[in-house]
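The block underneath contains the structure these notes are about, expressed in structure tokens.
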Amino acid sequence: MKTQQNNEPLSKNTFTIPNILSMFRIILITPFVVCFLDGMYLPAVIIIVVSGLTDCLDGVIARRFHQESELGKILDPLADKLTLIAVGVCLIVIEPFVLPLMIIMVVKDVLMLIGGTDIIKRGVIPPKSKWYGKLSTVMFYVTVGVIVLMKVFEYENRLISIIMLSVTAFMMLFSLINYAAMYIQIKRDLKQSDKKQEVTAQVTKADTDTKGEGI
Numbered sequence: 022m023k024t025q026q027n028n029e030p031l032s033k034n035t036f037t038i039p040n041i042l043s044m045f046r047i048i049l050i051t052p053f054v055v056c057f058l059d060g061m062y063l064p065a066v067i068i069i070v071v072s073g074l075t076d077c078l079d080g081v082i083a084r085r086f087h088q089e090s091e092l093g094k095i096l097d098p099l100a101d102k103l104t105l106i107a108v109g110v111c112l113i114v115i116e117p118f119v120l121p122l123m124i125i126m127v128v129k130d131v132l133m134l135i136g137g138t139d140i141i142k143r144g145v146i147p148p149k150s151k152w153y154g155k156l157s158t159v160m161f162y163v164t165v166g167v168i169v170l171m172k173v174f175e176y177e178n179r180l181i182s183i184i185m186l187s188v189t190a191f192m193m194l195f196s197l198i199n200y201a202a203m204y205i206q207i208k209r210d211l212k213q214s215d216k217k218q219e220v221t222a223q224v225t226k227a228d229t230d231t232k233g234e235g236i
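Take 22 as the starting number for the sequence shown in the working numbering and just add one per residue.
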């Protein structure tokens, strides 16, 4: 796996449509929490659906119209994480058995944040989200949606909730393992690159010294 150096052209414009959509998703967190904690589950679900749609839309627009930016690379994942945390915490309030899933999700995101920050410091752009990462996020939203809708229609089925939560937890662990493997490979590539640069520097120095002695 080759590391991708941070030399891709990125838009310097802050107010791009994708960035505005990401900020809109962050703003939506407050009305979602208010509606959810007030027991207005249907409006809360609608807000989350809108948030999910804008999440899909901003990525498409950024790639299609070349509006990827430095700020966008921070705003988009930040909006994702803040939304997931808000949804998870609200869900724990009405369904405490969701706590293990939230712990898995937080551990996964913290480890990915640490790994991503580490390779960014080395001038490497973190790999784009893979299908398993996107699927685990979709599964989380679907699971939350089903659990909340069961509350809306006053239908209790703990078995369905546990099965869906278990599948979501499995997908999160699966994506974490795969991202960890990518991180390890990137670190190996960086180490090999450092060794090559060191050897090249030594050869260059030796050539310079030889020429100097000849003179």
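Yeah, the Cβ is synthetic: ideal placement off N, Cα and C, and Gly gets one too.
Report buried or exposed for residue i, applying the criterion of at least 16 other Cβ atoms within 10 angstroms of its Cβ.
{"i": "A202", "result": "exposed"}
{"i": "T138", "result": "exposed"}
{"i": "I95", "result": "exposed"}
{"i": "F118", "result": "exposed"}
{"i": "L200", "result": "The identity of residue 200 in the sequence shown is Tyr, whereas the question assumes Leu. Y200 should be labelled buried."}
{"i": "F86", "result": "exposed"}
{"i": "Y176", "result": "exposed"}
{"i": "R209", "result": "exposed"}
{"i": "I68", "result": "buried"}
Quick check: what's the CA-CA separation for residue i versus residue j?
{"i": "M44", "j": "V220", "result": "47 Å"}
{"i": "G154", "j": "T51", "result": "25 Å"}
{"i": "V165", "j": "N178", "result": "14 Å"}
{"i": "K151", "j": "D97", "result": "15 Å"}
{"i": "Q88", "j": "D79", "result": "9 Å"}
{"i": "G109", "j": "I48", "result": "17 Å"}
{"i": "S196", "j": "S157", "result": "7 Å"}
{"i": "I124", "j": "A222", "result": "47 Å"}
{"i": "E116", "j": "P148", "result": "34 Å"}
{"i": "S182", "j": "I146", "result": "37 Å"}
Given 7 Å as the limit, tell me if residue i has its C-beta closer than that to any heavy atom belonging to the ligand GDP.
{"i": "T37", "result": "For the structure depicted, the ligand GDP is absent and the ligand set is empty, with no information on it obtainable."}
With residue i as the anchor, note down where its alpha helix (DSSP H) starts and where it stops.
{"i": "D59", "result": "Run containing D59: none; DSSP gives neither H nor E here."}
{"i": "G137", "result": "120-142"}
{"i": "F237", "result": "The structure shown does not extend to residue 237, since the chain spans only 22 to 236, so no value can be given for it."}
Would you mind stating whether residue i and residue j have Cβ atoms separated by less than 8 Å?
{"i": "S90", "j": "T37", "result": "yes"}
{"i": "G93", "j": "A83", "result": "yes"}
{"i": "L170", "j": "V66", "result": "yes"}
{"i": "G144", "j": "Y204", "result": "no"}
{"i": "L103", "j": "M126", "result": "no"}
{"i": "C111", "j": "V188", "result": "no"}
{"i": "L122", "j": "T75", "result": "no"}
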